[in-house]
Every structure is written in C-alpha cells, then in structure tokens.
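>
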Amino acid sequence: MPEWTEDQKKAIYHRGHDILVSAAAGSGKTTILIKRIIEMLKNDGEDIDNLLVATFTEAAAQEMKDRLLSSLKDELNSETDAKMRQHLQKQIFHIPMSNISTLHAFCLSVIKKFYYVIELDPNFRLLSDDTEKSIIQEQAYDNVRDSYYSSGDIDFLRLTDNFTNDRSDDGLKDIIFKLYDFAITNADTNEWLENLITAYQFKTTFSESQFYQTDFLPQVKARLEQIREEVLRGIELANEDELANSYLKVFQEINEWLLSLEEQSPTKNYDEIRTLLANFKPKAKKDTIKKADKEGKDLSFLNDASKIRADITKQVTSLYDEYFVKAETDVNDSLRIAQGLIEKLVEVEHSFIKEFDRLKQNNHVLDFNDLEHKAVAILTGEVDGHKIALEYYQNKFHELMIDEYQDVNAMQEKIISLLSCENNHRFMVGDIKQSIYGFRQAAPYIFTDKYAKYQKDDNPNELIQLSKNFRSSVAVDDFVNQIFTRIFDQKIGDIDYDESSKLVVGTNFPKSVDMTNEFNVLIKNEDDETAKRQLLITQAAKRIQKLMNNNFQIYDSKIKADTDEEKVRPLKYSDIAILSRTKENNTDLISYFSKANIPIMVTDAQNYFQTTELQIMMSMLDIIDNPYQDIPLVAVLRSPIVGMDEEMLSKIRLVDKRETYFTAMNEYLNFENADQHIKNSLESFLMQLNNYRDFANKNSIARLIWKIYQETGLLEYVSGVPGGKQRAANLHALYQRANSYEENNYKGLHQFIGFIDRMQKLDKDLSQPNSIEATEDTVKVMTVHASKGLEFPVVIYLDMAKQFNMQDVNANTVFDAHKGIGITLSDNDSRLQYRTMQRGIISNQKKISTVSEEMRLLYVALTRAKQKLIMFGFTKSPDDLLKTWDDIHPNGHLINESARLKANSFQNLVGISTLSGDDRNEVDENHFEDSTCQLDFHLISTEKAVDNQAKIIIPKKAPVEPSSLFKQSVDDILNMDYQHQEAVNTTAYQSVSEIKGLFADPDDEQMSTNLFNQDKKNNDARYNLGSFAKPSFLTKTKQVTAADIGSATHLVLQKIDIEKEPQINDFESLIAQMVNEKQLTKELADKIDCESLVKFYQSDLGKLIVENHENVSREYTCSILMSAQKLFKNSSNNDSTNDKILVHGIIDGVIELDQGIVIFDYKTDNVTSQNLHELISKYSGQVNLYAEAISAIKTKPVVGKYLYFLKINQAVNLEETKR
C-alpha cells in the first residue's frame, strides 16, 4: 500500500481506549495490526512481552510472527540510534517466545504456569485428535446410560423413549452430544443448562408464562409483519396497474386486519389469537374484469397480484399450522410433559459432563474446551485471598489484540473480559460479514453488540471502519456491493450493508484486462447429483482451458513497470482457485482434470469413508461381524476381494429369493446345477470369511484389518489403480484408526463398526490423509472455509445451485445459544409427534441464523477474487428460474425478508439481487448482463455436451525427434553397470533354519560357494528351504504327518509344568486339556509319545531343566546381525557385502546358569544308529547359530549346546562332540 488512509492511521496510532476495527475484505487488517505493534514497540517504548496478540489459527499466528520479525529487522537496519537499536534487537529475540498465538495456546500457557491454583495435575496431554475425543465421549455416555438403566430410573426411560426409535437408543446420545457443544462454549455452562428449563415453566396457562410474552408473541408479530410486507407489495402493484387494481380492496382489507391483529396481540391470550387466525377470510372480493378489458393488455401484473393474494393465504395458514393447531388446554398439557423431559435432560447432561471430565482426568488429557474452562478457573481462582494469576496477566499485558474477533465464542470472550482492566485496553479486529464458523459455536453477536455500542456518542470506545479494498478489481467490488446491499441487514446477516460497510475500490487494474464477472447456469433435466456434479466439473475444465489457450492476461502489481498497463502477464494455473461449499466434488475434480491435463492441488478429497476402498473394507468388517447383511455381503462379493460379476451374483440370488443373501450362498453350494466356478469361489470365500470371524474373536481389530490386507491383497490392488498412493494411504489410516480406538480401552468389532457409523451420521467423518504433494503451478481446490484469508486472481465457484443445509433447522430437536433447546414430543405407541412452541420459535431463529451465515459464506467466497469471478450454477428449467428471480423487485433497495429467507442457494441470492427483471438486460439468446455490477450471465444447454463429455480438450503434441545427446543419455542409463550389483543380489534377512547347514562347524566360517559362482535357476541371493509347504486349506488329505506330530510334541513340551519332574499322567492330562480347548485334534493327540517325554525329564538334561526351572526360557526368540561378508565369503567385490544380515530364529529352550548359558533343542526325527551322525551334522549349524546369538544377547558364554533326540532318548552335547 503506497500510503495509509485516514481510517488506517486511526487503527495504527489511536491509544488510550478500547478499539473495534471493522475490516472489510482486502482492507489489509493483518498489515495494520503488524504496523500498530511496530509503532507501539518503536515509538511507545512498549515490549513485545507486554502484548497479547490472539489469532484464530496457529498458521495465522506463525505468519504474524514471521511478518513482524521481518518488519522489525527492516526497522533495525534503518535505525541509527544505539539505544533504539538495542531495544529493537531485544524485541526480535523475544518474538519466538511472545504471546502471539491462538487463544487456546494462550490458555495452555496459563494452565502450565498456574496449574496449582486449581490443584491440577500438570502431567496432562492435549487431546487434539477428534477421533480420540469422540471415543472418550462415547465411553462417558455409555457409562451414564448404563448407570441410569441399572437403577431403573423411570424418568430416564421416558426421556430415552422420546428421543429414540425402536431400533436403537442413539437418538438421546445425539441430543446429549449436541447439547454439550452448545453448553461447553457458553460463558457459564451450568447456568446455561439450568436456564433451559425456564422456557418450559408456567404457572397455570401458557398465556401467563414468561416465554409467551418474551418469545412467542414477538415471533407471531414478526411473522405477521412478514405477511404484511407481501400485502403492501400487493397494494403497490395494484396502484401501478389497471388490471391488478382489481385486487386493491382485498389487499387493503387484509392490511387493516393485520394491523389490528398486531396491535391487539399483546393483550390477547393464546386462544383469542388462535380464533382470529382460524377465522381469517376477507369480505372484500376481487373486482370482476371483463374478457374484453384484458384483450391486448399486459397481464403480468394481474398474474403477480393473483400470486400475492394466494401467497398471503398460504402464509396465514402456515402460521396457524405451526403455532395454533392445539387449543391452549392441550398446549398446557404438552408443556407439562416437555418440562419434565427437559428437567431430566439437564440432569443427564450434567451427569455426562461430570463423567466425561472424570475419564479425561483418568487418561491425563485435556481437550480444547477444557483449556478455556481451566484457564477461567485459574484466572478467577484465589490463593490466600488473591487472584494471583489474574493479577499477573492484567499487570503483564498493556494491550490485548484479538484478530478475527467476529469468530470468538462466549467462553473466549469471558477470558478476554477477565484479562481486561484499567491498566490495559482491547484492540479487536474483525469483520462480521466474514463470520462463518457458527458450527464451531462462534458468537457473532459479541461483535455486533460492540459494533452498535461503539457508534454511540456517549461511548468512550472507538469504532473504526476499514472499507477500502486493496485486493479486488472494481468489477468484483461493484458485484459484491450490489448483492449485499440488497440482502444484508441487521436481522439477516447481522449488519446493515450501508455506505460505511461497502467495499471501496483501492486498486488500479488497467482497463485493458478482462475483469467481467461470469455467471454460467447449466441447463439439464437431471436429478442425479453425480451427473450434475460431473457436468459442472467438465464445464469448469473447459473454461480453464479456454482461458489458458486464449492467453488470458492477469494484472500483477508486483511486476516492476512504469505504468499499470504494463503490469500484466499471461495467466498461470496457480492464479486460479476453485471454491465450493463442501469437499464432495474433489474426487471427481482430480479425475476429470487429470484427463484434461490441468494440474490440480486438492488439500482434501471427498469424505474419507465414502471412498471405494474404505467402503469395501467397512463392508468386509460388517459381514465378519454379521454375515446376514445383504448389502455389505454383495459389496464384498462384487469387489476385487472376490471378483464376482452381476451375472454370477444373480445366479446365486435365484436359488433363494426370499431369505438373506448369505442363506442363498450356502444353498447354492448344494445346488445340483451350480456353476462350478461360482461354487469354487464361494467355497474359498466362505472358508476365508469363517477364518476372519474366528480370528476377530481372539485378536484386535487392527490385527484383523492387517490380516485382511495381507491375505486379500487389497492394499496392493488399490496401490496399482489410479490414485493408488492416496487409496493406500486411506487403508493405512483405517488400520491406524482402529489401533487408536483400541488404545482407548474400547474393544470389539461390533462396537467399532457402530462408532464409525455414528461418526458418519454426525457428519464427523475423517478427512483423508493427504498424500498429494503440492507443486507451484497448479489450480488450487478448496472449500470456502479453507480459502478465508487467501486471494487469487481468478476464482471459480463450482456449484452455486447447491441448496443450503437446513438439517439443523428442520430437526425434531433444535438448539440456540440464546433461546436454548426446542423439542418434539413423541408418542411411541401412536407414532404421533407434536412440536412444542419452543421448538417452533427456535427453529425460526435457527433459519435466520443459518441463512445469515450462508450469506456471509457467499461474501467470503466472492471476495477471494482479485480480478475475475467465474460462477457455475445449474437448473432444470431456465424459465422457472428466471420467473423466481423476476418475482422479486428490489428496485435498488433491500429485498424483503420473506424472499431472502426463501432463497435457498447462492444461485438464488445472486439471482434475486443482480438478475431480476429490473436488472437483467438481454444481449442475445440465453445471454444477459447487468452492467451496473459488470456481470455476464449465460444459460448453457448441456445436451450436446453430454454426448461428448463436455468436450474436454486433451492436448495433443506433435512427435519430436529426440536429439543424439538424449539418445546417448538413455542408452547410458539403461545399460549402466552397477558397481554394487552383488549387494542388490544379497538378502537382508535369513532364518536360522534356512542357513543351518552353513554353520555345522562353528570354526568354519567359509560359506559354501553356491551363491556367486554356482549357476542357480532363479538367481536367488537367499538361502532357503527350496520350497514352501502347501497351505493347510489347500491340503486335500487329513492324514497326520510326522511334521504335525513334531509340532504338537514341541507345543506339549512348551506348556508342561516343570516346577517338578513331569510324570505320564501330567502329560496325558495336559494333552486332554489341549484337545478340549481345540489346540490339538484327537487324531494328533493320539500320536504323541508321552513315554519318550517322561524319559526326557528323567535324563540328565531333563533333571537340569527341572532343577533350574526358574531360569529356563522355552521357545526363546533370538536374532543376530551378522556381517554379509561372513555369509557371502566368495563375493568378488568386498564392498558389495560389507552390510549386515539379520538372522532370526526360535530355540526350544535356554537355561541361564551362573557360569554360563545352556541351550537345548528337541528333535522328533526317526533316528537310528546309521543316521545319527548325519542328523547331528544337519542340526548342529542351527544350534551353533543360536548359541552365537544368545551369547551376544545375554553377554554370557554358552557352556552347553544340546540336541535331544526323543525317538532314542539320547542327548548330544555339541561341545563334547567338537572336542
């Protein structure tokens, strides 16, 4: 900015009182804030340590520190005074530790410094993961619910019945959690909860209640005023047109009736108003118009008058239906029931908060809300009669600077108010027009209250308006101003968009560059959301390609040139941002833009659990939990895990159309005409599924998920398809989430699935782990929320027609920070519901606040653009769309409240404010403009585009003959002789059993020469057993093998009690127990030679084991790193084999004696006197390796190495054999 405006100077230099800066988009509020700090440090002699600067995000705090540091260094370099240089140097050193942070970070520092004031254990962890917090919340609610259930509390059962259905009791859980979110951010949580009951309290009748006077009647009056606005519009229309004048008497009578009702309502009770509304029927009739009088006349005004008359009746009927269906006696009865439910709900909420706090304390964690509450407790807490923490910070901070003040909540405002005192002042910067975090309980009323108060003459504090926009072109400013002049006021939007609020142009874009705003509405009779989304995306891709191909020029103020006309350059992809309300477009954007060769950077793709790979995995987990679920079962069968097609699935279903699909599958296996291929696939799948179900009962969810990945190859499969890196990251994230779930003491697959379902239901789905690396020149894709604080030369808004989310408005239970909670009474027997008066009032207020926030979101989206706005919308009927807009006649003024509340999309907000019949000028067919705000409006038919996918241009390049240098470089790379090739051919891991023959003689370290100088079919650089055993599930015969007997014998020897010498009955008893527990089969158990095992323990080695049983480790796992040169001695290049090889194995037993280690290994081979020496030679290398590894682990010598051959009951001491 070349120089400061007068308002900016006020924000920089004014002192001595509280200041609220209302900073419009692009007004440079961060720059102003930094300049104010610099001036305070340099000219006021202030220290950075005495300033509290609170930002909304950690990124904003870091950016402010970086910019402040840079500015201070510039000041230091230009400063000549030694004392001032020393002062500035001190500030530079202190910036990293300064109190420039989020409010949460400041609260954390308060807790760490003064934890003892509230006797808090300082050893806590910040609960920053939403998943972990949700898990603890779930556990807290489960504990509270179970406690109430076990006590047989009748009132709790009634409460549960009212908020739940016959499938589950999760309805009440949802209410408890939502109520918590509102209560915990309030300045006084307990008081706010107790006040919920007030709205439902009354003495004798509803008309005598406080709620009737303070909330109900004002709402009825407001609705009557909305109806009267429509009536006055009808009167105005009737006075303007001769034919419409036939309705004048009707409108006038209705107007008088409404005025009378508004005037009388404060003195009338509920039933009296109800009667007046029920009897609404104007006596005046529309004047008759002869057919001849209509001929050749414009009938549009008459039709509009007729529509207004019908709408008035509809609105009066709607008012009656919403609030006056029941007589007052019935209303009284309902309120008594509701009061009891609310009282119980508040009690349960208190119990939940207490239990939630207890669990967090037990886990030594605090969440972000706790930081605020603990900080307040510390600031208000006393030690020896003094509020030591509060006094410390009030004396420390000379000014409290709060950025993004429009987004603070009530609890954060309480903290700021506590810190404020006579010794300091508040400097608050924000813009109510950009308050878009209502879902996080941001309280814009805090900003608007001060905004109104600070304008009064008798208020000592100051309001400063920064309206000059140093970001956007005049076209963007004019467009934004026209829209919000017509839709913003204090009731809807929370601010009057007057001259002080309008954007003032602060840029010098040359007229030669294109700044025209574009609004393109696609026409297609299409209800499928996916198809609409793809049409919008392909049109956006086409528009970007056209901009790039036409060498679109961007004004860049950073270019050094003599004139603004010269500060232009061609458009780059990085100049473009695509904004949308949600992330649901992002996955398709990645796919379609990659086809069009448009580089794109997406920070988050669509919702995590909606991705294909996660849906497959969740379906698999669903059927492992319960296979009698048709949809997830068919999803798995159709997936790459099984790979069945639709025809195969249909054949299975035709076997049994009535029962579950799982039943049909099992019946198909016995179907005589079954397709053998399908039958084989089902048999394999069912065997696999049963294995997973058994595994799930004995193992963690995380291990189950990993087992599925390993055995199905799903992880490898998704890695190989488009977007594989992201898909693999998604699957890894699921494993990590399951692990996190179980680490918080939650167990069970069914509970985990329910937890995930609940997260999706509450729209708390996890965002995808980001695996996309940013590149400089890419189109940026983000939500409007994520774009706040950013700017781009060209902004494309993708789906202007997306309707506002009114879920919270239309819900049976609604919440409001001021008015509390409105509930619906449910009768589960009759299935009837009755929405209480409180619910109706709060829902109406919620609608206003929701539409207000959506308007502010539109403001943020539009003001991200520096030069050009391009918007895309959608309609099935352009005539109906234009008619909707034409029904509004803003005439340059504020649009009536009813019409603004009905505008349920950005498309309609823009349409009614810039493209109504009064504003829209036709250029040619389906092309209109509004020159006052430099808007071009196109209606685009997509019928042709559908046939050719909107004709995305895929660039084609002519083939280029490579140069000789390029060819030579390619040859060199492809034919490169890697000098360490032998290292590539050597393994990094060996099992003892694979290389046991190579160490038969422990003194002979020479490896056999079969690695490098012996021909090998597979050229393997790994010693192995030659072949893999056939998997058990592929083994056709069930005969017991010698290997099976050997494994079973080892297992028995591992489990037998060795505190005393085992006898025959000990072995037989243990084996019987193992058979009973399904650890051994009966056939295998019968083959175990118990007598040989008894004789083993009667031998000298066996007695040594029993005598030292406390020092015996059985099935001892050991590993050792060995030099590759030691294993691969015949390498021609020593450099290739100087790495380490991991050798791993398990020995049957280790005895740790004072003088050293004794190791032993049982063998069940068939031994004779002829082959004994051969077997000793075979296994000695294995034992020698074990000895080397265990000696290194235990740091003791091995004094005995035994092979025990059970068949001949003979122990062989390899140490003696060596000698």
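Numbering (UniProt numbering), first residue to last: 1 to 1219. The beta carbon of each residue, even a glycine, is placed where N, CA and C say it ideally should be.
Can you tell me whether Tyr1202 is buried or exposed? The criterion is at least 16 other CB atoms within 10 Å of its CB, across all chains shown.
Label assigned to Tyr1202: buried.
> Between Phe378 and Pro96, what straight-line distance do the alpha-carbon atoms span, to the nearest angstrom?
Here the sequence assigns Ile to residue 378, which means Phe is not the residue at that position. Looking at the two C-alpha atoms, the distance is approximately 25 Å.
> Sorted by chain position, which residues of the same chain lie with C-beta nearer than 7 Å to Pro444's C-beta, five sequence neighbours on each side aside?
Gln406, Ile432, Ser435, Asp494
> List the residues that DSSP assigns as beta-bridge partners of Tyr834.
Paired residue(s): Leu825.
> Quick one: residues in its chain with C-beta nearer than 7 Å to the C-beta of Asp7, no 5 flanking neighbours on either side, listed in chain order?
Taking Asp7 as the centre and dropping the five residues before and after it, the same chain places the C-beta of Ile464, Gln465, Leu466 closer than 7 Å to its C-beta, in chain order.
> Can you give me the C-alpha to C-alpha distance between Glu716 and Gln710, rounded to a whole angstrom?
9 Å
> In the DSSP assignment, find the unbroken beta strand (DSSP E) run with Met1122 in it and report its ends.
1112-1123
> Can you look up Met601 in the DSSP assignment and give me helix, strand or coil?
Residue state, collapsed to three classes: strand.
> Quick one: what does DSSP say Ser70 is sitting in, helix, strand or coil?
The answer is helix: DSSP assigns Ser70 an H, G or I state.
> Taking the alpha carbon of Thr448 as the reference point, which residue from Val476, Lys883, His1109, Asn409 has its own alpha carbon closest?
Asn409
> Mind reading off the beta-carbon distance from residue 1230 to Leu503? Whole number of angstroms is fine, and I expect it under 8 Å.
Residue 1230 falls outside the range modelled here, since the chain spans only 1 to 1219, and no answer is possible.
> So, is Glu1216 buried or exposed, given that buried needs 16 or more other C-beta atoms within 10 angstroms?
exposed
> Go to Asn143, then tell me how far its beta strand (DSSP E) extends in each direction, as first and last residue.
Asn143 -> not in any beta strand (DSSP E); alpha helix (DSSP H) instead, spanning 130-151.
> Name the residue from Asn517, Ile705, Met601 whose alpha carbon lies nearest to the alpha carbon of Lys583.
Met601
> Between which two residues does the alpha helix (DSSP H) harbouring residue 1241 extend?
This structure leaves residue 1241 out entirely; the chain is present only between 1 and 1219.
> Do Val784 and Ala664 have their C-beta atoms closer together than 8 Å?
no
> Short check: CB of Glu355 to CB of Ala11, under 8 Å?
With respect to the 8 Å criterion, Glu355 and Ala11 are not classified as neighbours on the basis of their beta carbons.
> When you compare only the Cα positions, how much space is there between Arg125 and Ile598?
Near 44 Å, if we compare the C-alpha coordinates of Ile598 and Arg125.
> Could you tell me the boundaries of the alpha helix (DSSP H) in which residue 1220 lies?
Shown here, the chain extends from 1 to 1219; a query on residue 1220 therefore has no answer.
> Just to confirm, are Tyr592 and Ile641 a CB contact at a threshold of 8 Å?
no
> Using only alpha-carbon positions, find the residue among Thr313, Leu120, Leu633 that is nearest to Tyr661.
Closest by alpha carbon: Leu633.
> Sorted by chain position, which residues of the same chain lie with C-beta nearer than 7 Å to Leu857's C-beta, five sequence neighbours on each side aside?
Ile436, Val784
> Hey, Glu854 and Arg727 are a contact pair by Cβ (cut 8 Å); roughly how many whole angstroms apart?
With 8 Å as the limit, Glu854 and Arg727 do not qualify as a contact, their Cβ atoms being about 33 Å apart.
> For the beta strand (DSSP E) containing Pro1148, name the first residue and the last one.
Just to set this straight, residue 1148 is Asp in the shown sequence, not Pro. Asp1148 -> beta strand (DSSP E) spans 1140-1152.
> Classify Thr55 as helix, strand or coil using the three-state DSSP reduction.
strand
> Hey, quick one: how far does the beta strand (DSSP E) through Ile578 stretch, first residue to last?
576-580
> Using the beta-carbon count (16 or more within 10 Å), is Ile19 buried or exposed?
buried
> So, with DSSP's three-state summary, where would you put Val110?
Look at Val110 here: in three-state DSSP terms it is helix.
> Rank Ser501, Ile823, Gln833, Val814 by C-alpha distance to the C-alpha of Asn846 and give the top, closest one.
Before going on, a small fix: residue 846 reads as Lys here, not Asn. That would be Val814, whose Cα lies nearest to the Cα of Lys846.
> Bridge partners of Leu126, per DSSP?
Leu366
> Is the number of C-beta pairs between the segment 817-824 and the segment 791-804 that are closer than 8 Å three or more?
no
> Could you pull out every residue in the same chain whose Cβ sits closer than 6 Å to the Cβ of Ile559, ignoring the five residues on either side in sequence?
Closer than 6 Å at Cβ, skipping near neighbours: Lys567.
> Rounded to a whole number of angstroms, what is the C-alpha to C-alpha distance between Thr932 and Asn586?
34 Å
> For residue 1220 and Gln907, I'd like the C-alpha separation in whole angstroms.
Outside the modelled stretch of the chain, which goes from 1 to 1219, sits residue 1220, for which no answer is possible.
> Below 8 Å between beta carbons: does that hold for Tyr1162 and Tyr1116?
no
> On the three-state DSSP scale, how would you describe His1109?
Of the three classes helix, strand and coil, the one that applies to His1109 here is helix, per DSSP.
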